[in-house]
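J.: Structure incoming, see below.
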Amino acid sequence: MSRNRSGADGATDGVAEGVAGPKKAIVVYRSHSGVTRRYGEAIAAFASDIGVAARVVSVGECDMVDLAGADYLLLGCWTSGLFVIAQHPDEPWLAFVRDMPELSAGAPRIGLFTTYKLRTGSQFSKMRAALAGKAAAPVLELQSRDGSLSAPDRSALERFLA
Ligand SMILES: Cc1cc2nc3c(=O)[nH]c(=O)nc-3n(C[C@H](O)[C@H](O)[C@H](O)COP(=O)(O)O)c2cc1C
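In my numbering, the protein residues as written are 9 to 170.
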């Protein structure tokens with residue numbers, strides 16, 4: 009029996025039709041040696057803690073069909089470059105963005121994250137440029153040296169996921 013079916017008196021048996029479930033977040037990362045993966049996992053764990061259904065997948069694992077159904081999409085890539093200049097996302101991340109379907113401007117809400125050693129430099133502007141025309145402009149940028157979530161990261165994520 010459907011859990012949504014109305015009873016004879018018109019009441020539902022617990023789960024009303026049309027009631028939205030938790031908001032959905034997909035965290036998609038590209039990691040070379042694991043730090044960005046850990047950052048993505050920390051982001052997803054924080055989202056889950058505040059009631060958002062979050063999944064974390066690598067660029068290679070992500071099913072493009074899931075993206076349009078997400079309320080939030082967080083895209084992360086390690087910082088590649090010459091340490092002080094010419095930072096950019098790596099080719100597998102860029103290829104993922106090229107292959108992404110065009111997402112409507114309204115949803116999902118887009119956030120970016122990266123890990124680095126010295127400076128992120130042009131990393132976020134390169135990520136934004138790759139995404140232009142594919143999705144709404146990102147409204148969050150998070151960065152970490154060690155893949156852990158800082159207190160400011162948590163506050164920014166809370167506002168992003170509100
Ligand atoms: C080839 C190479 C280039 C890098 N270029 C930069 C850079 O330009 N700026 C920076 O701050 N870190 C740079 N890093 C450091 C990485 O961004 C950093 O270690 C990152 O956390 C690695 O993430 P991952 O473990 O997810 O691969 C570079 C690392 C490598 C291997």
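Idealized CB from N, CA, C, for every residue including glycine.
Just confirm the distance between the C-beta atoms of residue 169 and residue 55, as a whole number of angstroms; I'd bet it's less than 8 angstroms.
T.: Taking the sequence shown and counting its residues from 1, one reaches residue 169 at position 161. Taking the sequence shown and counting its residues from 1, one reaches residue 55 at position 47. Indeed, because the Cβ distance is near 6 angstroms, the residues count as touching under 8 angstroms.
J.: Less than 6 angstroms between the CB of residue 101 and some heavy atom of ligand 1, yes or no?
T.: Translated into positions along the sequence shown, residue 101 becomes position 93. No, the beta carbon of residue 101 sits no closer than 6 angstroms to any heavy atom of ligand 1.
J.: From the DSSP output, which residues share a beta bridge with residue 82?
T.: Here residue 82 is taken as the residue at index 74 of the sequence shown, counted from 1. Partner(s): 35 and 119.
J.: Roughly how many angstroms separate the alpha carbons of residue 108 and residue 121, rounded to a whole number?
T.: On the sequence shown, position 100 is the one that residue 108 refers to. On the sequence shown, position 113 is the one that residue 121 refers to. Distance between the alpha carbons of residue 108 and residue 121: 18 angstroms.
J.: If I measure Cβ to Cβ from residue 113 and keep anything under 6 angstroms in the same chain, skipping five residues before and after, which residues do I get?
T.: Here the question's residue 113 lines up with position 105 in the sequence shown. Here the set comprises 144.
J.: DSSP on residue 105, reduced to helix/strand/coil?
T.: Taking the first residue of the sequence shown as position 1, residue 105 is located at position 97. Of the three classes helix, strand and coil, the one that applies to residue 105 here is helix, per DSSP.
J.: With DSSP collapsed to three states, give me the class of residue 148.
T.: Within the sequence shown, residue 148 is the residue found at index 140, counting from 1. Correct three-state label for residue 148: strand.
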